[in-house]
Amino acid sequence: MKTVKLKTSQNSYEIFVGAGLLLQTGDLMREAGISGTKAVIVTDTTIDNFHGETVRASLESAGFQVMTVTIPPGEEQKSINTAVMLYEKLTGFYAERSTPLVALGGGVIGDLTGFAAATYMRGVPLVQVPTTLLAQGDSSIGGKTGVNHGNLKNRIGVFYHPKLTVSDVAVLKTLTERELSNGLSEIIKHGVILDAGLFRYLEKNMETIRQCDDTTLEYIVARSAAIKAGVVGQDEYDLGMRNILNCGHTIGHAIESVSGLTVWHGEAVAIGLSTEAKLAHELGILSSKDMGRLRKLLLAAGLPCDIPELDPERLFEAMKHDKKNTDGRIRFALPCSIGASFLTDEINPELIKKVLVM
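Each residue of the sequence shown is one higher than the one before, starting from 903 at the first, in the working numbering.
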C-alpha cells in the first residue's frame, strides 16, 4: 500500500492506494478519527453489485450501522434533484453530524456525495472510495464537489475535502476497456503538465497498464494522486496555479456540453489535450515532436484525439462559460513541453476557432 498526504493551510488527509483496500475501509475510517455510530454508503446500482457488500461488511465490522443509498448509473444523476433525494434518505436514517457519507463509485458518485456531505447539516464527514481509474487518479482528490446544471458541468458546487480516500486498484479489473481508457486521460494529463517522468513511464508501460497489473496501477494512481495533491496544497481554492490541472478541460468541457454529455469526461479531456496541444503548437510554444508524442500516447491508451462532428460555433460559445475565464477572456492551461505547462488568457479568438476545425 502507498500513502499520499494532501496538506493545505486548512485541511490535511491521507490517500491510501493499493490492492485489496476495500476490506480495510472501516478500519481506515476509524484510524482517521471518524467516530460516529452510523454510516451511509452512496453508490450506483452497478457498483453496488460488484463491491457494495464488501464495503458494507468492512464498515459493520468496524462498528458502524450502515445504510446504503443506490442510484442509477450515469452523468445525468449528478443533479440537484438527486442531491435532494439524498437529503431525504439521510433525514429518514436520522443521520447526525458525525455520520459519514461514503462515496463508493466513480466521478459522478464522488462529486454528488461530496456535495451532499458538504451541505447536509452544514457538513458531515466524507470518505471517498473511488472505483474507477478516473476517480482514483484525479476526481476524488482535492475537495472539488458539485452537480451539473443543464448541460454545464459542475456549475453548482463547493470545496469540501474528505476525511480520507481509499483507492483499491484491484477493483479496476471490473472496468470495461472503455472505462479504463477514460481514466487514463487524467493521468496522462498530469504527466503532460508537470511530470515528464510519469509521461515516459506511461509510454513504456501502457500495455501492462491496460492489462490491469496491480503493481503498475498502484504506481500510476499514487503518482497521479501525489501530483494533484501537491498542486492543491499550494492553491486549495483554485485561484491560480491549480488552474493548470485544467489542461485539456477548456475544450473538453465544451465537447461534453455540446454533445449533451454523450462524450465521456475522460474522452473529452483526451480530445481537449490533443486539440489544446495543437493550439500551443500554433502559438510556436509546443514542438511538433512533443505534440506527436502526446497524440501517440493517447491513442495507445485507447482514447480519441479528434473533435467529433460538433458545431464549432457552439463549442466556442460553450468555452465562454468556462469557470477559469476572467473578464470574458477564455483561459487555457497549455503544454509548452512534455512535463511543463503555463496559463494564458491572451489567445486570439480566431486562432481558437481555427484549431477547433483542424
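Glycine included, each C-beta is placed from N, C-alpha and C at the ideal position. Keep in mind the model is a prediction, meaning the values are calculated, not measured.
In or out: residue i buried (at least 16 other Cβ within 10 Å) or exposed?
i     : result
T927  : buried
T939  : exposed
D1097 : buried
Q1030 : buried
D946  : buried
I882  : Absent from the model: residue 882. The displayed extent of the chain is 903 to 1260, so no value can be given.
S960  : buried
D1213 : exposed
E978  : exposed
R1144 : buried
L1141 : exposed
E1178 : buried
E1169 : buried
P1002 : buried
Roughly how far, in whole angstroms, is the beta-carbon of residue i from the beta-carbon of residue j, given that I think they are within contact range, below 8 Å?
i     : j     : result
V906  : A1127 : 5 Å
S1087 : A964  : With a Cβ gap of about 35 Å, S1087 and A964 do not count as contacting.
L1200 : L1175 : 7 Å
K1226 : N1148 : 6 Å
L1006 : I949  : 6 Å
S1243 : L1253 : Contact doesn't hold; Cβ gap of about 18 Å is too wide.
E1120 : A921  : 7 Å
T1034 : E1081 : 6 Å
S1041 : G1204 : That pair is no contact at about 19 Å.
T984  : I973  : 6 Å
V944  : V971  : 5 Å
G1048 : F1017 : 6 Å
For residue i, collect the residues of the same chain with a Cβ closer than 7 Å to its Cβ; drop the 5 residues on either side in sequence, then sort them by chain order.
i     : result
A1037 : G1008, G1009 and G1012
K1347 : One cannot answer for residue 1347 here, as it falls past the ends of the chain, which runs 903 to 1260.
M1023 : R999
Y1139 : F1061
L886  : Any property of residue 886 remains undetermined from this structure, which presents the chain solely from 903 to 1260.
Looking only at its own chain, which residues have a Cβ that is under 6 Å from the Cβ of residue i, when we skip the five neighbours before and after it?
i     : result
L923  : V1068 and D1070
A1220 : A1156, S1159 and V1160
H1051 : R1057 and I1058
I917  : V906, T1067 and A1127
L1100 : G1093 and R1125
T1076 : F952
I1232 : M1221
I1187 : C1238
In chain order, what residues of the same chain lie with their CB nearer than 8 Å to the CB of residue i, ignoring the 5 residues before and after it?
i     : result
T1228 : D1247
L1217 : I1153, A1156, I1157, V1160, I1209 and L1258
L1185 : L1236, I1249 and L1253
L1261 : Outside the displayed span of the chain (903 to 1260) sits residue 1261, for which this structure offers no information.
V968  : K940, A941, V942, I943, R958, L961 and E962
According to DSSP, which residues form a beta bridge with residue i?
i     : result
F1244 : L1236
G1059 : G1048
K909  : S914
I943  : T970 and V1004
R1125 : None, per the DSSP bridge assignment.
R1231 : T1228
K904  : V919
L1054 : H1051
V1073 : According to DSSP, which records beta bridges pairwise, V1073 is partnered with nothing at all.
Is any non-hydrogen atom of the ligand HEM found closer than 6 Å to the C-beta of residue i, if you look at the structure I gave you?
i     : result
R1112 : In terms of ligand content, the structure shown is empty, and the ligand HEM therefore cannot be addressed.
At 4 residues or longer, what runs of the alpha helix (DSSP H) sit wholly inside the stretch 945-1023? 955-963, 982-994 and 1009-1021
Within the stretch 1137-1220, ranges of the alpha helix (DSSP H) (whole runs, at least 4 residues): 1151-1160, 1167-1184 and 1190-1202
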